[in-house]
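Q: Chains as they are written, first to last, in our numbering: chain A, 652 to 766; chain B, 17 to 240.
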Amino acid sequence: SSAPSPAVSPSPLCKPRRLYISFSDVGWENWIIAPQGYLANYCGGDCPFPLAAELNSTNHAVLQTMVHSLDPRGTPQPCCVPVRLSPISILYYDNSDNVVLRHYEDMVVDECGCR
Amino acid sequence: SPVLAAELSRQESSLLKSLGLSAKPSPKSAVPVPPVLWRMFQRRKTQPRPQEEPDSCRVEEFNVPGNIVRVFADQGRFLPEGQPRGRLCLRKLLFFNLSALEEGERLTMAQLELQFHHNSYQPPGPGQVLELRLYPASPRGPPQPGRRPLLERSFVRMHKSLLFELSAALKDGKVPGGDLALVLEISAGDGGSPRSPCAGSDALAATSLLAVTLGRRCRARRRR
Numbered sequence: 652s653s654a655p656s657p658a659v660s661p662s663p664l665c666k667p668r669r670l671y672i673s674f675s676d677v678g679w680e681n682w683i684i685a686p687q688g689y690l691a692n693y694c695g696g697d698c699p700f701p702l703a704a705e706l707n708s709t710n711h712a713v714l715q716t717m718v719h720s721l722d723p724r725g726t727p728q729p730c731c732v733p734v735r736l737s738p739i740s741i742l743y744y745d746n747s748d749n750v751v752l753r754h755y756e757d758m759v760v761d762e763c764g765c766r
Numbered sequence: 017s018p019v020l021a022a023e024l025s026r027q028e029s030s031l032l033k034s035l036g037l038s039a040k041p042s043p044k045s046a047v048p049v050p051p052v053l054w055r056m057f058q059r060r061k062t063q064p065r066p067q068e069e070p071d072s073c074r075v076e077e078f079n080v081p082g083n084i085v086r087v088f089a090d091q092g093r094f095l096p097e098g099q100p101r102g103r104l105c106l107r108k109l110l111f112f113n114l115s116a117l118e119e120g121e122r123l124t125m126a127q128l129e130l131q132f133h134h135n136s137y138q139p140p141g142p143g144q145v146l147e148l149r150l151y152p153a154s155p156r157g158p159p160q161p162g163r164r165p166l167l168e169r170s171f172v173r174m175h176k177s178l179l180f181e182l183s184a185a186l187k188d189g190k191v192p193g194g195d196l197a198l199v200l201e202i203s204a205g206d207g208g209s210p211r212s213p214c215a216g217s218d219a220l221a222a223t224s225l226l227a228v229t230l231g232r233r234c235r236a237r238r239r240r
């Protein structure tokens, strides 16, 4: 479930957006012991010219934005993607009913950037 | 629509595969969560997220490489003492089905936990000790006589829970044939005169094996 659309218009710029994943929504609650869900987030928003410094972009993205502003149909804007993710641990039953604690990398979006 | 349902289940199985699961688990019984795993999970959930990425292919609690921690329940049975009752208190086959370990997973730590009923083992008598031995075995039964034990300990009194590191027993993380079989023997040591025969099979409350493994993904990442 992503955040309800806030009263003020959300910033159109590229940044992490709230996304809570509930394992029961995907029918996994009977084998995942904990957590029941977690805040995964996602990246959303524009990478407009001129690319602001805080948009965590590469030199290539800056150039691509410039070309896009000159020739919008020919070259797309850079993409708003995760640039820093963090892991979570999941406690679950495996196919042999053993209890497993497993560390999964790259499960939470912490930072987004224009690439 | 059936097409959408097929597409969803395809996506789900590819996600499960990336989570290291061959199929969606459907637990037959809700096995209680071992306290050690619950504590580890809670600690990770509550600890503040460090700025620099911690090494997620390392289990800090045991300071060993790994990203998967499992607890396997013992499926072995008690074996006949095979000796005059006086000395041998109990003999048990410990059998752990490790087939859940995936191809390419490397075992980096194995810890055996023996849980005894409260006060089941009093000091057998003045000047006497209890001896505990672990032998490698095959699932079919006791070790050949004269084999060296994997592990040998003497106790004046048995605590409620004993932990033994078995990593040395598993050469370079390989598990023979996907299971681990051991024979546990507890006997009254030499010397002294036992006040009463030592507690038998009813003394042992539970036996489990905690295994830490390094998944293939982690190993690839570490190599990179």
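C-beta atoms are modelled at their ideal positions from N, C-alpha and C, and glycine is treated no differently. Given the structure is predicted, the values throughout are model-derived calculations rather than measurements.
Cutting at 7 Å between CB atoms, please list the residues of its own chain near serine 224 of chain B, excluding the five before and the five after it.
A: The answer, listed in chain order, is Pro50, Val87, Phe88, Ala89, Asp90 and Glu129.
Q: Any contact of the segment 751-763 of chain A with the segment 727-739 of chain A, i.e. 3+ C-beta pairs under 8 Å?
A: With a cut-off of 8 Å, the segment 727-739 of chain A and the segment 751-763 of chain A count as touching, because enough Cβ pairs lie within range.
Q: Taking the DSSP output, what are the residues bridged to glycine 695 of chain A?
A: A:Lys666, per the DSSP bridge assignment.
Q: Residues of chain A with CB under 7 Å from lysine 33 of chain B, in chain order?
A: Under the 7 Å cutoff, chain A gives no residues; its nearest Cβ is about 13 Å from lysine 33 of chain B.
Q: Taking 8 Å as the CB-CB cut-off, is valine 734 of chain A touching chain B?
A: With 8 Å as the cut-off, valine 734 of chain A does not count as an interface residue toward chain B.
Q: For the beta strand (DSSP E) containing glutamate 756 of chain A, list its first residue and its last residue.
A: First-last of the beta strand (DSSP E) with glutamate 756 of chain A: 750-765.
Q: Less than 7 Å between the CB of glycine 120 of chain B and some heavy atom of the ligand ZN, yes or no?
A: Questions concerning the ligand ZN fall outside what the structure shown contains, since it holds no ligand whatsoever.
Q: Just the chain B side, please: which residues come within less than 7 Å of proline 738 of chain A by C-beta, in chain order?
A: Chain B residues near proline 738 of chain A: Ser72.
Q: Between serine 673 of chain A and chain B, is there a C-beta pair that is closer than 8 Å?
A: No, its Cβ sits nowhere closer than 8 Å to a Cβ of chain B.
Q: Does DSSP put cysteine 234 of chain B in a helix, a strand or coil?
A: Helix at cysteine 234 of chain B.
Q: Look at the alpha carbon of alanine 22 of chain B and the alpha carbon of serine 170 of chain B, and state the distance between them as a whole number of angstroms.
A: Alanine 22 of chain B and serine 170 of chain B: Cα-Cα distance of roughly 60 Å.
Q: Can the beta-carbon of alanine 204 of chain B be found closer than 8 Å to that of arginine 107 of chain B?
A: In this structure, arginine 107 of chain B does not lie closer than 8 Å to alanine 204 of chain B by Cβ.
Q: With distances taken from CA atoms, which of B:Leu167, B:Arg74, B:Cys73 and B:Leu35 is nearest leucine 742 of chain A?
A: That would be B:Leu35, whose Cα lies nearest to the Cα of leucine 742 of chain A.
Q: Listed from N- to C-terminal order along the chain, which residues in the segment 753-765 of chain A have their beta-carbon within a distance smaller than 7 Å of any beta-carbon of chain B?
A: Within the segment 753-765 of chain A, the qualifying residues are Arg753, His754, Tyr755 and Glu756.
Q: Over the uninterrupted alpha helix (DSSP H) stretch that includes glutamate 147 of chain B, give me the two end residues.
A: Unbroken run through glutamate 147 of chain B is the beta strand (DSSP E), 146-152; no alpha helix (DSSP H).
Q: Glycine 695 of chain A to aspartate 195 of chain B, Cα distance in whole Å?
A: If I take the Cα positions, the gap works out to 48 Å.
Q: Closer than 7 Å by beta-carbon distance: list the chain B residues that pair up with aspartate 748 of chain A, in chain order.
A: By Cβ distance, chain B contributes Pro43, Lys44, Ser45 and Val47.
Q: Work out the CA separation of phenylalanine 57 of chain B and valine 80 of chain B for me, nearest whole Å.
A: If I take the Cα positions, the gap works out to 17 Å.
Q: In angstroms with no decimal places, state the Cα-to-Cα distance between leucine 198 of chain B and leucine 150 of chain B.
A: So the alpha carbons of these two residues sit roughly 6 Å apart.
Q: Under three-state DSSP, which class holds valine 47 of chain B?
A: Coil at valine 47 of chain B, not helix or strand.
Q: Are histidine 754 of chain A and serine 72 of chain B close, meaning C-beta to C-beta below 8 Å?
A: Their beta carbons are under 8 Å apart, which means histidine 754 of chain A touches serine 72 of chain B by this criterion.
Q: In chain order, what residues of the same chain have a beta carbon less than 6 Å from the beta carbon of glutamate 201 of chain B, not counting five sequence neighbours either side?
A: Answer for glutamate 201 of chain B: Arg107 and Arg149, listed in chain order.
Q: Taking just the CA atoms, how far does alanine 184 of chain B sit from leucine 166 of chain B?
A: Distance between the alpha carbons of leucine 166 of chain B and alanine 184 of chain B is about 9 Å.
Q: Are alanine 685 of chain A and leucine 670 of chain A touching if we call contact CB-CB under 8 Å?
A: No; because the gap between Cβ atoms is not below 8 Å, this pair is not in contact.
Q: Do you know offhand how far leucine 110 of chain B's Cα is from arginine 93 of chain B's?
A: Between leucine 110 of chain B and arginine 93 of chain B, the C-alpha separation is close to 7 Å.
Q: Suppose contacts are defined by Cβ-Cβ distances below 8 Å. Is serine 45 of chain B in contact with aspartate 748 of chain A by that definition?
A: Yes.
Q: Check the Cβ-Cβ distances between asparagine 692 of chain A and every residue of chain B, and say whether any is below 8 Å.
A: With 8 Å as the cut-off, asparagine 692 of chain A does not count as an interface residue toward chain B.
Q: Are the beta-carbon atoms of proline 723 of chain A and aspartate 697 of chain A separated by less than 8 Å?
A: No, the Cβ-Cβ distance between proline 723 of chain A and aspartate 697 of chain A is not below 8 Å.
Q: Once the 5 residues before and after lysine 666 of chain A are set aside, which same chain residues still bring their CB inside 7 Å of it?
A: Same-chain partners within the cutoff: Gly696 and Cys763.
Q: Going by DSSP in three states, glutamate 181 of chain B sits in which element: helix, strand or coil?
A: Looking at glutamate 181 of chain B - three-state DSSP - the assignment turns out to be strand.
Q: Can you confirm whether methionine 174 of chain B, when its beta carbon is compared against all beta carbons of chain A, has any partner nearer than 8 Å?
A: No - not a single Cβ of chain A is within 8 Å of the one on methionine 174 of chain B.
Q: Residues of chain D with a CB under 9 Å from the CB of isoleucine 84 of chain B: which are they?
A: In the structure shown, chain D does not exist; the protein chains are A and B.
Q: Can you tell me whether leucine 226 of chain B is buried or exposed, with buried defined as 16 or more other CB within 10 angstroms of its CB?
A: By the neighbour-count rule (16 or more Cβ atoms within 10 Å), leucine 226 of chain B is buried.
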